[in-house]
Amino acid sequence: MVAKANQEIKRERNRAKRARIDKITNGYMINLAWGVLVIILLRFVENGYSGDMVLTMPALLKSMAAVFAVCSAALFVCGKMKVLDKASTFYGYAVFALVLALGSLWIGFFPQIRSFFGSINEAALMTDSRWWFSWGPIVVVAVYLVATLIWTAVKVTLIEKGKIK
């Protein structure tokens, strides 16, 4: 009887451990999917950011940044007010919307940012604009994805070994 109860407790612990690991790995997969989408979009925007687009795109991206910033603020407020049981979902999407706003601002103010860096260091103006425009943010996204992969692997290993409950 006691052995059967102990087995049930052990099974429940294993289920809880597996649920935590699944939640962490699912979170990483969502990050990975969004990261790959951002990389693809940055490459797409870089290819479209020439000629007439240079004149219309900054205004569009600045207004998109404003929309994303308002969405981010609204999601943070919904998370604080606990509109749903899982406030962390709101916080995750709020951070994502904030990152989208910052990315839109980066591309929208790209000519001014490039001029600013050029005033500090003239060699920056000689650098290929594509690096500053899309490859730099792509490198940042790739480093973030690698760092979160390492964090996920360490966290899952610690949970499996029982060092984190």
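Each position in the sequence shown, counted from 1, maps to that position plus 33 in this note's numbering. For every residue, glycine included, the Cβ atom is placed at its ideal position computed from N, Cα and C. These figures come from a predicted structure and were not determined experimentally.
Work out the CA separation of CYS104 and GLU79 for me, nearest whole Å. Linking GLU79 to CYS104 through their CA atoms gives a straight-line distance of about 25 Å.
Starting from ALA194, trace the alpha helix (DSSP H) both ways and give me its first and last residue. Correcting the residue identity first, residue 194 is Lys in this sequence and not Ala. In the DSSP assignment, LYS194 falls within the alpha helix (DSSP H) that extends over 169-194.
Who are the Cβ neighbours of ILE72 in its own chain at under 7 Å, not counting the five residues just before and after it? Excluding residues within five positions, the ones whose Cβ falls inside 7 Å are ILE171, VAL174.
Between which two residues does the alpha helix (DSSP H) holding PHE129 run? Looking at the DSSP string, the run of the alpha helix (DSSP H) that includes PHE129 is 120-141.
Do LYS95 and GLY141 have their C-beta atoms within less than 7 Å of each other? Their beta carbons are under 7 Å apart, which means LYS95 touches GLY141 by this criterion.
Comparing alpha-carbon positions, which option in ALA120, ALA49, ALA98, ALA180 lies nearest ILE192? It is ALA49 whose Cα lies nearest to the Cα of ILE192.
I'd like to know if ALA130 contacts chain D, where contact means its C-beta is closer than 7 Å to some C-beta of that chain. Included in the structure is just one protein chain, with no chain D present.
Whole-angstrom C-beta distance between ILE57 and LYS188, which should lie under 8 Å: Confirmed, Cβ separation roughly 6 Å.
Do ALA134 and PHE109 have their beta-carbon atoms positioned less than 7 Å apart in this structure? Not a contact, by the Cβ cut-off of 7 Å.
With DSSP collapsed to three states, give me the class of VAL116. Reduced to three states, the DSSP call for VAL116 is coil.
Is it right to say PHE123 is buried, meaning 16 or more other beta carbons lie within 10 angstroms of its own, or is it exposed? Around the CB of PHE123, 16 or more other CB atoms lie within 10 Å, so the residue is classed as buried.
On the CB-based measure, 16 or more other CB atoms within 10 Å of its CB, does PRO144 come out buried or exposed? Burial call: exposed.
Contact check, THR185 vs TYR61, beta carbons under 7 Å: Against a cut-off of 7 Å, the Cβ pair of TYR61 and THR185 comes out as a contact.
Span separating the alpha-carbon of ILE183 from that of ASN39: So the two alpha carbons sit approximately 34 Å from each other.
DSSP-derived helix/strand/coil call for ILE197: The answer is coil: DSSP assigns ILE197 none of H, G, I, E or B.
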